[in-house]
Structures are given as structure tokens and as C-alpha cells.
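Number 583 marks the last residue of the sequence shown (our numbering); no jumps. For each residue, glycine too, the CB sits at the ideal point set by N, CA and C.
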Amino acid sequence: MFYSNLEIYGKLLKRHCFSGSEISSELKISKKQTENLLFLLKKNKMISSVRKDLYVANSLATYLPVAEKFEIASKINQNSYISHHSAFEFYGFSNQVFNTIFVSSDKSFRQFIFDQNLFKCIKTDKNFGITEIRHIKTTDLERTILDSIKDFEKIGGLEELLECLKSISFVQEEKLKDYLKLYKNQFLFQKTGFLLESLEKSKDTQIQLSQDFFDFCHKNIGNSTRYLQNGILKSELAFNKKWNLCIPQKLPTLN
Numbered sequence: 329m330f331y332s333n334l335e336i337y338g339k340l341l342k343r344h345c346f347s348g349s350e351i352s353s354e355l356k357i358s359k360k361q362t363e364n365l366l367f368l369l370k371k372n373k374m375i376s377s378v379r380k381d382l383y384v385a386n387s388l389a390t391y392l393p394v395a396e397k398f399e400i401a402s403k404i405n406q407n408s409y410i411s412h413h414s415a416f417e418f419y420g421f422s423n424q425v426f427n428t429i430f431v432s433s434d435k436s437f438r439q440f441i442f443d444q445n446l447f448k449c450i451k452t453d454k455n456f457g458i459t460e461i462r463h464i465k466t467t468d469l470e471r472t473i474l475d476s477i478k479d480f481e482k483i484g485g486l487e488e489l490l491e492c493l494k495s496i497s498f499v500q501e502e503k504l505k506d507y508l509k510l511y512k513n514q515f516l517f518q519k520t521g522f523l524l525e526s527l528e529k530s531k532d533t534q535i536q537l538s539q540d541f542f543d544f545c546h547k548n549i550g551n552s553t554r555y556l557q558n559g560i561l562k563s564e565l566a567f568n569k570k571w572n573l574c575i576p577q578k579l580p581t582l583n
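This is how it looks when you write it as C-alpha cells:
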């Protein structure tokens, strides 16, 4: 079936973000025909190339991409999804808007910049706690909390993490416990128990967690003493005996 360029553009506009193989399949055309078509559409500014074999439709009024950054992140590969601070931002719980998009996937990709945003891969073999909302694949809130606690030094720092956590009003406690079991990470039990308990004690959060949750975390912390945060001078550290953690004497936003 023959389609005009405008008809094809209309189909791409509905998709927002797409690969060459998806276009070949929908239009039933060869790889070479697809390459020629994409070249022509790019030349006429109807689409933009994000990276190899990933494209976005552009608005003909502005020639800017119609796909938002989180849609693009969800299409980088078959199993990619936003996570960590980007998921907090998607849910409306972030204190700051980042131009780095954290993308989790079981398949690595080289980080790249598109539309002034850096798309950064966090490779993981964890495949739980992933949901899809408005065609955007993301970690659910409970996994977002745990991922962000686990990796806070890589994704914005402790202060930004605590500000995000303070914005949350409700979490599913049983999900947190189930996911912690799946992570099987004693240090994550320590950090999660300590940080969420500290927030509750400071009355700086609306999250309501039971004593049973904190007991559950404490039973799984092991015997190792660990540092909550790297790069802190010894003179500025305190020891939390309950959670067996060396912590900053002044936790940001809690003191």
C-alpha cells in the first residue's frame, strides 16, 4: 500500500518515538526503503535522530521533538525504563529537575545527549517493580525508593534523596519488604532502616511505616560496620550503634 509522506508522518506523530524496524514492519517496506524514507523525513525536519535506530517525530510548527525525555528513555532498548531520581521526577517527588535521565536496563548502552538531556545507563539484572504509565516504563514508587537509597551517591546525593523522600505521603510497606528480600543486600537494609527511621523521628515526612518494618530491616543488617556516605572527614562522623553505620554528624535537612 502506498502512503504519502504526510500520511507516514501522521503515523509517526502518533508513535512519538520509534525505531527503523518498527517503521519497516508497519509500512511493510524493505530495510533500504526504510533508510531512504528516514533520510528524507530527517531532511524535511519531520523527524530527528536520537541515536542509532531511534527516532522522534517533530512538531511541524516548531520542529522540536514531540516525545518527552521519559518516553525516549523507555524506547532506548526493549527493556529500558526510567529509575532512581528520574522516576522520582516523573512521579512529582523530586526537589530538582535534572538534565540527566537515569535509565535502567539489563542491556548496557553508551550514554548519549539528545535535546540537552544526558541519558545515562544503570545496568541491572533486577526485573521486579517495573510498571508502565502513559507509555512510559518506570520503576514503581517502592523500588524507586530502594534504588535511590542504594545508589544515592551516584544519582544526586544524600540531600536530594532526603528531599524526595520527604515529599512522599504513602508507600506500600509490604512491597518495600518484598523488594528488600529480592535485593539480598545487607547494606541496603542498614541504609533503608536508618534513613526512613530518621525521617520519621524528625517528623519531616508523611510516610507512615510500622515498627514491624524497622524490626524487619534491623534483623537483616548483618554484623558489618559501614559508612553511610563516602568522603566525610572522621572528625565529622558519628556512629549509629543500632544500624551499625558511620554517619555524618549533621544529616542534611534533618538537623
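Taking 8 Å as the threshold (beta carbon to beta carbon), is residue i in contact with chain D?
i: residue 523; result: The chain labelled as chain D is not found in the depicted structure, where only one protein chain is given.
Do you know offhand how far residue i's Cα is from residue j's?
i: residue 500; j: residue 480; result: 21 Å
i: residue 348; j: residue 453; result: 27 Å
i: residue 436; j: residue 455; result: 15 Å
i: residue 483; j: residue 413; result: 6 Å
i: residue 651; j: residue 441; result: Absent from the structure is residue 651, since the part of the chain shown begins at 329 and ends at 583.
i: residue 351; j: residue 405; result: 16 Å
i: residue 490; j: residue 576; result: 14 Å
i: residue 346; j: residue 384; result: 6 Å
i: residue 418; j: residue 531; result: 25 Å
i: residue 326; j: residue 340; result: There is no way to answer for residue 326, as the model of the chain reaches only from 329 to 583.
i: residue 356; j: residue 511; result: 44 Å
i: residue 508; j: residue 408; result: 22 Å
i: residue 473; j: residue 578; result: 22 Å
i: residue 551; j: residue 567; result: 14 Å
Terminal residues of the continuous beta strand (DSSP E) containing residue i?
i: residue 573; result: 573 to 576
i: residue 447; result: 445 to 451
i: residue 383; result: 382 to 385
i: residue 460; result: 458 to 461
i: residue 565; result: 565 to 568
i: residue 466; result: 464 to 467
i: residue 441; result: 440 to 442
i: residue 430; result: 428 to 433
Quick test of your reading: residue i and residue j, contact by CB under 8 Å. State the CB separation rounded to the nearest angstrom.
i: residue 428; j: residue 448; result: 6 Å
i: residue 450; j: residue 432; result: 5 Å
i: residue 517; j: residue 545; result: 5 Å
i: residue 573; j: residue 522; result: 6 Å
i: residue 478; j: residue 513; result: 7 Å
i: residue 503; j: residue 556; result: Going by Cβ atoms, the distance from residue 503 to residue 556 rounds to 24 Å, so no, they are not a contact pair.
Taking the alpha-carbon of residue i as reference, which of the options has the nearest alpha-carbon?
i: residue 536; options: 543, 525, 544; result: 525
i: residue 368; options: 336, 473, 565, 471; result: 336
i: residue 328; options: 485, 533, 351; result: Nothing can be reported for residue 328: it is not among the residues displayed for the chain, which extend from 329 to 583.
i: residue 539; options: 563, 510, 505; result: 505
i: residue 394; options: 374, 379, 461; result: 374
i: residue 439; options: 379, 503, 569; result: 379
i: residue 488; options: 382, 400, 476; result: 476
i: residue 397; options: 466, 366, 390, 353; result: 466
i: residue 420; options: 387, 334, 494; result: 494
i: residue 444; options: 388, 400, 372, 498; result: 400
i: residue 460; options: 415, 424, 366, 425; result: 415
What span of residues does the alpha helix (DSSP H) with residue i cover, start to end?
i: residue 497; result: Unbroken run through residue 497: none, as it is neither H nor E.
i: residue 362; result: 359 to 371
i: residue 400; result: 397 to 402
i: residue 530; result: 514 to 530
i: residue 349; result: 348 to 355
i: residue 414; result: 412 to 419
i: residue 336; result: 333 to 343
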